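The opening position of the sequence shown corresponds to residue 1 in full-length UniProt numbering, with each subsequent residue numbered one higher.
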Amino acid sequence: SREAAFTYAISSAGITYAVTAACSRGNITACGCEPAVRERKAVPPNGWEWGGCSADVTYGMR
């Protein structure tokens with residue numbers, strides 16, 4: 001039914017979000033930062049460098 005499909009979609013989105021958030025916090029050892037962000041780039045001239053971790057949504061969807 002449409003209601004069951006909606007419930008399934010919302011549940012899937014919630015699980016994907018929870019896994020992605022746990023991955024970004026480092027709570028899951030099998031994953032890490034999103035690969036494009038993990039690569040180190042040269043420090044900009046002003047000396048400030050973003051050291052955060054981007055969400056690896058692809059891992060969360062698996």
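Glycine included, C-beta positions come from ideal geometry on N, C-alpha and C.
As the structure is a computational prediction, the values presented were derived from the model and not from experiment.
Asked                                                                   : Found
Rounded straight-line distance, which links the Cα of V19 to that of T7 : 18 Å
G47 in three-state terms, based on DSSP                                 : coil
Sub-8 Å separation of A5 and S24 beta-carbons                           : no
A22 vs I28 beta-carbon contact at 8 Å                                   : yes
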